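Chains as they are written, first to last, in the working numbering: chain W, -2 to 318; chain U, -2 to 318. In what follows, a single structure is set out as structure tokens and then discussed.
Number of protein chains: 2
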Amino acid sequence: MHRFSELAAQFEAHLSQSGICSGQPDTLYEPCRYLLSLGGKRIRPTLCLMGAELFDALSEEAFHAALAIELFHNFTLVHDDIMDKAPLRRGRPTIHARNGLTAGILCGDLLCIEAYSQLSKLSNALPQVLRMFNQTAAEVCEGQQLDMDFEPRQDVRVEEYIRMIELKTSVLLAASLKMGALIGGATGQAADKLYTFGRTLGIAFQLQDDYLDAFGDSDKLGKQTGGDILADKKTFLHLKAMEHLDEKDRQTLMRWQGREGAEKLPHTLELFRKSGADERCREAVAAYSQRAFDALEEVAVLSKRKHALKELAEMLLLREA
Amino acid sequence: MHRFSELAAQFEAHLSQSGICSGQPDTLYEPCRYLLSLGGKRIRPTLCLMGAELFDALSEEAFHAALAIELFHNFTLVHDDIMDKAPLRRGRPTIHARNGLTAGILCGDLLCIEAYSQLSKLSNALPQVLRMFNQTAAEVCEGQQLDMDFEPRQDVRVEEYIRMIELKTSVLLAASLKMGALIGGATGQAADKLYTFGRTLGIAFQLQDDYLDAFGDSDKLGKQTGGDILADKKTFLHLKAMEHLDEKDRQTLMRWQGREGAEKLPHTLELFRKSGADERCREAVAAYSQRAFDALEEVAVLSKRKHALKELAEMLLLREA
């Protein structure tokens, strides 16, 4: 993960020197700075830098785009946290919990606008990158809306779920790579292959997240497992189990859903296993990963240039153990 | 108002043929279409068209920018309505009241992104217009935050209030004109003068709104007066009265503020008059209007081309009677 860490650190330095969100009034800008200071792995902006670096030496423009992506991502986090009524983000109070609903909404709005301010610094690549960004941004909203729509529904199909995570999560990863590639001067075809790599990798990653939350090793993950089950989330595992269990077991699974307390954890996991959902989830992760690596293979640049991206993809996909 | 009505009608036709917000899922896009269909006077997009027309025949590009501005304005309306807990907008349920908080937040977010999608269709003027738009968008958020910050404060100064309405309302009117002008091919200086015209006209208009809400003729206005007083808003009149009343009268005014019921209306109006706030408000309207017309005078195009803008400004400022 050498190159990833280097680029993430370069991005971090860029962010802290950027003077972003230093306007007035403080009641608006301070919560934005607070959120940005909470950190995170900076995967998306680093993907943007990696996408650019595949084709050319890193330019100031690549950092503008990377900043835009990270600002946009943080905008979605603030508003999602309001919709999810989440009290904490990265172990610290969320904006709406800390500064109220008004600050939460406005802080998100401002981060979105600041993202576009960064994009406006681009020169030649501006029109193409702006269109890519707009399309992705709309898709992320669509994904979040679908996620909200699915909550009360009992008839969500697995394909709908995958489309939702694709929109909510994967397209931004894919767009990060593609925007970087466009700035680096990639051909349309190479940029599109890279987009496919990011999109399928993102789906694989999210499905693996579903798997690990249920069956992972909490020591190795660094967090408690079972969170999705306790929160009654309709993950890939749940939807696949509902699809393959017989009527009696399906009823049992639905009865456990909605109950309070940790007792439901072992029962739910057993039904996931009995239905074969665990195995199907691993298969789906493998299939999407394969599609990702195939697409990366087809990006027309020297193979050794792809090393950093391969390394990152493997790191993201092999954290289970 | 002939030209204004013509351009507003052209804009309306453009909006309804644009296919804007026709994506999926419907839970996200239908509320956006509903909001846009509620109408309104379309002042901002029409100002954009007028700004363009000062310098050149109307192009497709001017309509892209006009759509962007109207979409952005509607984005701010949805989110402001959440913050203000407003149940109605143009006599119809607000998005959050009709579709819930999640839909309200996401519908606003999407409208903001759709605004940028329209901008991305610009060609030569894109970089300049995008930067102008971003700066204005951030300022509108700052204005809304200041408005929220002022609510619990008892020590808001008149200058702070004017800065707030400038940010919250006037800069978007000004930017609408300037964006149109840039697309029409205006020089930097002409575009800036036009911006000053819009900014000062906007302040004059807002201050007049404060005046009319207290002292206007409800028949001629087509709405009940006294709304600001009943809602305990700290308008120009209130702040000026607080500044000029003696201690005893100031205490009386503050006591009336916060009470329920229509009884406070005549008492408050009397204190506004006694303090001279009514006269000071009319003077301020006249002063900002004069600055607006002076700036328009200095825009270097043939005088007859400015006719439509003068007519519009007079209509906006002379609706009192």
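All C-beta atoms, glycine included, are put in the ideal place defined by N, C-alpha and C. Since the structure is predicted, the reported quantities are computational estimates derived from the model, not experimental observations.
- Counting along the chain, the unbroken alpha helix (DSSP H) around U:Asp144 starts and ends at 123 to 147.
- Below the 7 Å Cβ cutoff, chain W contributes Leu103 as neighbours of U:Gln141, in chain order.
- In the structure shown, W:Pro90 adopts extended strand secondary structure according to DSSP, grouped into three states.
- Of the candidates W:Val153, W:Asn121, W:Cys29, W:Ala284, the residue whose Cα lies closest to the Cα of W:Glu58 is W:Asn121.
- Looking only at W:Leu174, W:Lys261, W:Phe8, the smallest Cα-Cα distance to W:Leu306 is reached by W:Leu174.
- Not a single C-beta of chain U is nearer than 8 Å to the C-beta of W:His70.
- If you check the CB distance, W:Leu164 and W:Val137 come in under 8 Å.
- Pairwise C-beta distances place the stretch -1 to 10 of chain U in contact with the stretch 33 to 43 of chain U, as three or more of them are shorter than 8 Å.
- Using a Cβ-Cβ distance cut-off of 8 Å, the stretch 217 to 231 of chain W and the stretch 296 to 314 of chain W are not in contact, since fewer than three pairs of beta carbons, one from each stretch, lie closer than that value.
- Three or more beta-carbon pairs drawn from the stretch 149 to 166 of chain U and the stretch 199 to 218 of chain U are found closer than 8 Å, and the two stretches are therefore classed as touching.
- The shortest CA-to-CA distance from U:Phe194 to any of U:Leu68, U:Val75, U:Ala310 is the one to U:Ala310.
- For U:Met80, the residues of chain W that pass the 9 Å Cβ criterion are Leu98, Thr99, Ile102, Leu103, in the order they occur in the chain.
- Rounded to whole angstroms, W:Arg160 and W:Asp189 show a C-alpha spacing of 19 Å.
- In this structure, W:Leu51 keeps its C-beta atom at 8 Å or more from the C-beta atom of W:Arg277.
- Collapsing the DSSP output to three states places W:Leu35 in coil.
- With a 10 Å radius around the Cβ and a threshold of 16 neighbouring Cβ atoms, U:Gln151 comes out exposed.
- Distance check between W:Thr133 and each of W:Ile17, W:Cys109, W:Ser19, W:Arg154 places W:Cys109 closest, using alpha-carbon atoms only.
- In the three-state DSSP reduction, U:Leu55 falls in the coil class, being neither helix nor strand.
- Chain order gives no chain W residues near U:Tyr31, where near means a beta carbon separation below 9 Å; the closest approach is about 15 Å.
- For W:Leu268, the secondary structure class from DSSP, reduced to helix, strand or coil, is helix.
- Taking 8 Å as the CB threshold, W:Leu64 stays off the interface with chain U.
- Residue pairing from DSSP places U:Leu85 in a beta bridge opposite U:Pro90.
- Among the CB atoms of chain U, none fall inside 8 Å of the CB of W:Met176.
- By the neighbour-count criterion, in which a residue is buried when 16 or more other Cβ atoms sit within 10 angstroms of its Cβ, W:Met176 is buried.
- Think of a sphere of 9 Å around the beta carbon of W:Tyr208: no beta carbon from chain U falls inside it, the nearest being about 27 Å out.
- Counting only residues of its own chain and dropping the five nearest sequence neighbours on each side, U:Gly105 has a CB closer than 6 Å to the CB of Phe72, Val75, His76.
- Around the CB of W:Pro28, 16 or more other CB atoms lie within 10 Å, so the residue is classed as buried.
- At a cut-off of 4 residues, the continuous stretches assigned as alpha helix (DSSP H) that sit fully inside the stretch 229 to 302 of chain W are 233 to 241, 244 to 253, 261 to 272, 274 to 295.
- Among the residues of chain U, those whose CB is under 7 Å from the CB of W:Met145 are Thr99, following chain order.
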